[in-house]
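Colleague: Going by our numbering, the first residue of the sequence shown is number 44, and it counts up by one from there. Backbone N, C-alpha and C fix where the C-beta goes; we use that ideal spot for every residue, glycine too. What follows is a single structure, and I will ask about it in a moment.
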Amino acid sequence: MTYKKLTADKLLSIKNIAGLKAAGYESKSIKQELRDNLIAKLKANEEVFPGIWGYEETVIPDMERAILSMHHINLLGLRGQAKTRIARMMIHLLDEYIPVVKGSELNDDPMQPLSRFAIDLIAEHGDQTPIEWMHRSDRYTEKLATPDVSVADLIGDADPIKAATLKLPYSDERVIHFGLIPRSHRCIFVINELPDLQARIQVSLFNILQEGDIQIRGFKVRLPLDIQFVFTANPEDYTNRGSIVTPLKDRIDSQILTHYPKSTEIGKKITKQEAKVKPEQGQSITMHHLLEDLIEQIAVEARS
44 MTYKKLTADK LLSIKNIAGL KAAGYESKSI KQELRDNLIA KLKANEEVFP GIWGYEETVI
104 PDMERAILSM HHINLLGLRG QAKTRIARMM IHLLDEYIPV VKGSELNDDP MQPLSRFAID
164 LIAEHGDQTP IEWMHRSDRY TEKLATPDVS VADLIGDADP IKAATLKLPY SDERVIHFGL
224 IPRSHRCIFV INELPDLQAR IQVSLFNILQ EGDIQIRGFK VRLPLDIQFV FTANPEDYTN
284 RGSIVTPLKD RIDSQILTHY PKSTEIGKKI TKQEAKVKPE QGQSITMHHL LEDLIEQIAV
344 EARS
């Protein structure tokens with residue numbers, strides 16, 4: 044039996060690198076993983092983004108093409124257009140479990156260790172290095188871009204106390220307190236409302252998106268991070284917010300435009316799905332279809 048055909052119980056019973064090798068495990072980038080699982084779903088005629096209505100001929104095909112092309116993605120659209128929901132649903136295209144080096148804060152692949160901790164551990168224990176399994180639900184990180192977000196929050200910073208205690212220079216990886224992005228290695232990382240991120244913070248993403256390395260306090264730390272970035276942005280300047288800097292736009296491979304429902308029928312379907320109607324309310328209240336049409340038309344007029 045090949046590694047891909049192993050059941051979850053069989054996978055979870057593997058406790059070290061030797062067991063992984065015996066099972067035939069091979070490293071795979073997260074973009075390749077998303078692509079392979081999307082192809083499998085399309086071949087099986089499975090719905091890729093269930094519960095997303097009105098995008099069957101527009102946004103969903105664009106998303107599928109972006110994933111097949113292994114692109115970073117920017118979802119551009121107004122409020123309430125399911126941008127974040129689509130990003131969250133991408134976790135269903137990930138493998139159910141992946142192996143990581145036990146105790147690693149960067150989710151190191153046992154076959155391609157990234158952090159100094161994992162490299163040293165594997166050098167010491169070899170094939171007996173312990174591993175643990177990470178569920179796909181833990182491989183999603185979301186950050187709302189606000190003006191107070193700092194480079195240290197996203198990328199990390201040198202810890203002077205750790206440097207002094209271990210008597211190490213700031214350029215040594217072991218003194219770094221990693222931020223959200225390095226800790227999202229082998230994960231989907233979503234930044235919501237990207238234009239709200241200060242320009243200098245957007246600039247700090249350049250190297251990660253293109254070169255895969257990070258710079259902390261002027262020290263270059265080579266970390267070939269494996270991350271699927273998804274950004275969301277609202278083009279409507281209703282809060283006098285900033286913009287996406289041009290070099291960052293150039294590094295985001297696919298920009299996908301979302302939209303409001305193109306018919307009242309689709310709008311009604313979405314409203315019914317999202318309405319928090321309790322069973323007893325549904326039994327005691329009868330609503331004429333004309334009222335449903337009026338509600339949707341009011342929403343359309345309010346948006347125009």
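1) When burial is assigned at 16 or more other CB atoms within 10 Å of the CB, is PRO225 buried or exposed?
2) In whole angstroms, what separates the C-alpha of LYS86 from that of ARG265?
3) By alpha-carbon positions, which one of GLY97, ALA242, ILE57 ends up nearest to THR145?
4) Can you check which of these residues, TYR213, GLN241, VAL233, ILE313, is closest to ARG182 by C-alpha distance?
5) Between which two residues does the beta strand (DSSP E) containing LYS126 stretch?
6) Is it right to say MET133 is buried, meaning 16 or more other beta carbons lie within 10 angstroms of its own, or is it exposed?
7) To the nearest angstrom, how far is the alpha carbon of SER158 from that of PRO203?
8) Can you give me the start and stop residues for the beta strand (DSSP E) that ASP200 sits inside?
9) In the DSSP assignment, what are the bridge partners of ILE174?
10) Using 8 Å as the threshold, is the C-beta distance between PRO278 and LEU119 below it?
11) So, with DSSP's three-state summary, where would you put TYR183?
12) Which residues bound the beta strand (DSSP E) around PHE92?
13) What does the Cβ neighbour count give for GLN245, buried or exposed, with the cut at 16 atoms within 10 Å?
14) Using only the alpha-carbon positions, how far apart do CYS230 and ILE338 sit?
15) Output needed for LEU197: all residues of its chain with C-beta closer than 8 Å, excluding positions within five of it in sequence on either side, in chain order.
16) Put LEU137 into one of helix, strand or coil per three-state DSSP.
Modeller: Let's see:
1) buried
2) 38 Å
3) Here residue 145 turns out to be Lys, not Thr, going by the sequence shown. Taking only the C-alpha atoms, the option nearest LYS145 is ILE57.
4) VAL233
5) That residue, LYS126, is in no beta strand (DSSP E); its alpha helix (DSSP H) goes 126-132.
6) buried
7) 19 Å
8) 199-201
9) VAL144
10) yes
11) strand
12) Looking at the DSSP string, PHE92 is not in any beta strand (DSSP E), and its letter there is neither H nor E.
13) buried
14) 40 Å
15) LYS186, GLY222, LEU223, ILE224, ILE244, SER247, LEU248
16) coil
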